[in-house]
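Peer 1: Just so we're aligned: the sequence shown equals residues 119 to 354 in our numbering. One structure coming up, written as structure tokens, with questions to follow.
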Amino acid sequence: MTTRIGIDLGGTKIEAAVLGDDGAVRARRRVATPRDDYAATLRSIAALVEDLEAEMGSATVVGVGMPGTISPATGLVKNANSVWLNGHPLAEDLRRLLPRPLRFANDANCFALSEAVDGAAAGAGAVFGVIVGTGTGGGVVVHGRIWTGPNAIAGEFGHNPLPWPNLDEGPGPQCYCGQTGCIETYLSGPGLSRDHERTTGQSLDAAGIAVRAASGDVAAEATLRRYEDRMARALA
């Protein structure tokens, strides 16, 4: 069996999966992302790969879906909401720890391509895929191929300003990119939590807010309505 390993490098967790020849997941591992520690992040990725290879055999290729992108001009990570990755040669450093074929792509691009090939958008000529997690990203696929654009960040709509802001939404939260009111500051998981705490004084993560809303908590329901309205404006 050909062993292919996929890595989802997120701001909260790093997940690895082994895919068989038929595309089925044969094994899976997940660890918490060592936030704000670049070297520890590299070690965590390498340990996941080595652990899976010990169980399933050596990988013919390892693919890494990552926040942001690797600049084609410098080889350094840019535009990642996991800010401790920015400015580092992730591909070069990881290849030193894992001397085997490695491929890197933006996580939203990976998602959009997957849906365009055999998912909800199969057969569509143009696809825009949106991912929401620790950050908020987007990927564009045209005729079955990822469209990255000249700066390798096409589709990354999370740093556009939130459209049609209400009076109580401006100037908006501060974003790590230096701007205020970015879509990501409202629609990411941390953005949802921040909005709920701003209006209620309660510190809850996204899952906690959803549980409260499902049980009839009026404040949590209002938070989710604001979120849905902002998502609709962002995608309009």
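Built from N, CA and C at the ideal position, the CB exists for glycine as well.
What is the rounded straight-line gap between the Cα of Leu215 and the Cα of Glu274?
Peer 2: Whole-angstrom Cα-Cα distance: 29 Å.
Peer 1: On the three-state DSSP scale, how would you describe Gly124?
Peer 2: Looking at Gly124 - three-state DSSP - the assignment turns out to be strand.
Peer 1: Within the same chain, show all residues whose beta-carbon is closer than 8 Å to that of Gly206, passing over the 5 residues directly before and after it, in chain order.
Peer 2: The residue you asked about is not Gly; residue 206 is His in the sequence shown. Closer than 8 Å at Cβ, skipping near neighbours: Tyr156, Leu194 and Val195.
Peer 1: Go ahead and label His314 buried or exposed: buried means 16 or more other beta carbons lie within 10 angstroms of its beta carbon, across all protein chains shown.
Peer 2: Flag for His314 reads buried.
Peer 1: Please look up how many angstroms separate the CB atoms of Thr121 and Thr192, rounded, as I've assumed it's under 8 Å.
Peer 2: At roughly 32 Å, the Cβ-Cβ gap does not stay under 8 Å, so Thr121 and Thr192 are not in contact.
Peer 1: Name, in chain order, the residues that DSSP records as bridge partners for Glu133.
Peer 2: Glu133 is bridged to Asp126 and Arg148.
Peer 1: Verify whether the separation of the beta carbon atoms of Ala239 and Val245 is less than 8 Å.
Peer 2: Closer than 8 Å, so yes.
Peer 1: Roughly how many whole angstroms lie between the Cα atoms of Arg146 and Val167?
Peer 2: Near 10 Å, if we compare the C-alpha coordinates of Val167 and Arg146.
Peer 1: What did DSSP end up calling Leu194 once you bin it into helix, strand or coil?
Peer 2: Reduced to three states, the DSSP call for Leu194 is coil.
Peer 1: What is the DSSP secondary structure of Thr298, counted as helix, strand or coil?
Peer 2: Residue state, collapsed to three classes: strand.
Peer 1: Could you please give the first and the last residue of the uninterrupted alpha helix (DSSP H) stretch that includes Ile249?
Peer 2: No alpha helix (DSSP H) contains Ile249, which is instead part of the beta strand (DSSP E) from Ala244 to Val250.
Peer 1: Tell me the residue span of the alpha helix (DSSP H) that contains Asn227.
Peer 2: Asp225 to Asp236 is the extent of the alpha helix (DSSP H) around Asn227.
Peer 1: Do you know offhand how far Arg351's Cα is from Ala164's?
Peer 2: Cα to Cα, Arg351 sits roughly 40 Å from Ala164.
Peer 1: Give the single residue among Asp286, Gly326 and Ala242 whose Cα lies nearest to the Cα of Leu342.
Peer 2: Cα-wise, what sits closest to Leu342 is Gly326.
Peer 1: The alpha helix (DSSP H) with Gly326 in it runs from where to where?
Peer 2: Start and end: Ala324 to Ala332.
Peer 1: Could you check which residue in Arg330, Thr252 and Ala234 has the C-alpha nearest to that of Tyr304?
Peer 2: Ranking the options by Cα distance to Tyr304, first place goes to Thr252.
Peer 1: Grouping DSSP H, G and I as helix and E and B as strand, with all else coil, what is Arg344?
Peer 2: Three-state result, Arg344: helix.
Peer 1: With Gly309 as the anchor, note down where its alpha helix (DSSP H) starts and where it stops.
Peer 2: Residues Gly307 to Thr318.
Peer 1: Just curious, the alpha helix (DSSP H) that Val167 is in, first and last residue?
Peer 2: Here the alpha helix (DSSP H) through Val167 covers Tyr156 to Met174.
Peer 1: Taking the Cβ atom as the reference point for each residue, do Arg153 and Lys131 lie within a distance shorter than 8 Å?
Peer 2: For Arg153 and Lys131, no; Cβs fall outside 8 Å.
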